[in-house]
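*Asks:* Residue numbers (the working numbering), protein chains in the order written: chain A, 36 to 150; chain B, 18 to 131. The C-beta atom is built at its ideal place from N, Cα and C for all residues, glycine as well. Source: prediction; values computed, not measured.
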Amino acid sequence: DQQVKQNSPSLSVQEGRISILNCDYTNSMFDYFLWYKKYPAEGPTFLISISSIKDKNEDGRFTVFLNKSAKHLSLHIVPSQPGDSAVYFCAASAGAKAAGNKLTFGGGTRVLVKP
Amino acid sequence: EAGVTQSPTHLIKTRGQQATLRCSPISGHTSVYWYQQALGLGLQFLLWYDEGEERNRGNFPPRFSGRQFPNYSSELNVNALELEDSALYLCASSSGQSYGQPQHFGDGTRLSIL
């Protein structure tokens, strides 16, 4: 069963506009959520995370929103830049020591930012 | 600061052989994780090592095993290789010291089984 789902396989956005990536999860034990970016032939790069005690976390152009009641999180990238073109993965983990636990990944969303 | 390093970059084996993949974590990180990204299956958790001990294991057969050395580097061993073991194997590390530390990934080893 897919506990973490990214229902949009791809997203195309104009440079300078907002990119919104969505992620849904089913496991209510998840308490730590992360977003990763992946370029071809490279490993995933950590972008931003949020714990379940918060509903928003911001780091520069990246903001993650968490809606626990809906079991939904989203990543906003503002403004989008051509270098943001990559595959984005949502991931989640469960447990008090969340860093020391397995990550469950979504299937990824491919983002294309057009100049 | 050096990131997570993995070797080799590519590995070609035949069915029934054994493969050994290596990972060096970020300096100061004590936890090492292994993930498999097979075609069409996404990233799947394999193993977690911390302070030299196996702490958690994903839904993989026992022929997938590994170890963590005193310097926190790690090996993943895959015995009796099967065609479906062809995949990108990613290693990640994190600091196990406090809550909410993200995992940082290497660039992976691509294992091809002929």
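At a Cβ threshold of 9 angstroms, is cysteine 86 of chain B touching chain A?
*Replies:* The question names cysteine, but residue 86 of chain B is phenylalanine in the sequence shown. For phenylalanine 86 of chain B, the answer is no, since every Cβ of chain A falls outside 9 angstroms of its Cβ.
*Asks:* Of the choices B:Arg32, B:Cys40 and B:Asn96, whose alpha-carbon is the least far from that of tryptophan 65 of chain B?
*Replies:* Checked all of B:Arg32, B:Cys40 and B:Asn96; the closest Cα to tryptophan 65 of chain B is B:Cys40.
*Asks:* Would you kindly check if the distance between the Cβ of valine 122 of chain A and the Cβ of serine 54 of chain A is under 9 angstroms?
*Replies:* Not in contact: serine 54 of chain A and valine 122 of chain A (Cβ atoms no closer than 9 angstroms).
*Asks:* Ignoring anything shorter than 3 residues or poking outside the stretch 47 to 105 of chain A, list the beta strand (DSSP E) runs there in chain order.
*Replies:* The stretch 47 to 105 of chain A contains these whole beta strand (DSSP E) runs: 54 to 60, 65 to 73, 80 to 86, 91 to 94 and 97 to 102.
*Asks:* Taking 9 angstroms as the CB-CB cut-off, is serine 45 of chain A touching chain B?
*Replies:* No, its Cβ sits nowhere closer than 9 angstroms to a Cβ of chain B.
*Asks:* So, at 8 angstroms on beta carbons, what are the nonlocal neighbours of glutamate 99 of chain B in its own chain, with the 5 sequence-adjacent residues on each side left out?
*Replies:* Only Arg32 and Ile130 meet the Cβ criterion.
*Asks:* Among A:Arg52, A:Leu82 and A:Ala76, which has the Cα closest to the Cα of phenylalanine 68 of chain A?
*Replies:* If we check each option's Cα against that of phenylalanine 68 of chain A, A:Leu82 comes out closest.
*Asks:* Going by CA-CA distance only, name the one from A:Gln37, A:Lys40 and A:Leu46 that's closest to serine 115 of chain A.
*Replies:* With distances taken between Cα atoms, serine 115 of chain A lies closest to A:Leu46.
*Asks:* Among the residues of its own chain, which have a CB less than 6 angstroms from the CB of methionine 64 of chain A, if the five just before and after it don't count?
*Replies:* Once the five neighbours on either side are set aside, the close Cβ partners of methionine 64 of chain A are Ala129.
*Asks:* Where does alanine 133 of chain A sit, in a helix, a strand or coil, going by DSSP?
*Replies:* Here the model assigns alanine 133 of chain A a pLDDT of 44, short of 50, so the residue's position is not dependable, and the following value carries that caveat. Looking at alanine 133 of chain A - three-state DSSP - the assignment turns out to be helix.
*Asks:* With a CB to CB cut of under 6 angstroms and the five nearest residues on each side skipped, what residues in its chain are close to asparagine 57 of chain A?
*Replies:* Cβ neighbours of asparagine 57 of chain A beyond the five flanking positions: Ser109.
*Asks:* Can you have a look at tyrosine 89 of chain B and say buried or exposed, based on whether 16 or more other CB atoms are within 10 angstroms of its CB?
*Replies:* So tyrosine 89 of chain B ends up on the buried side.
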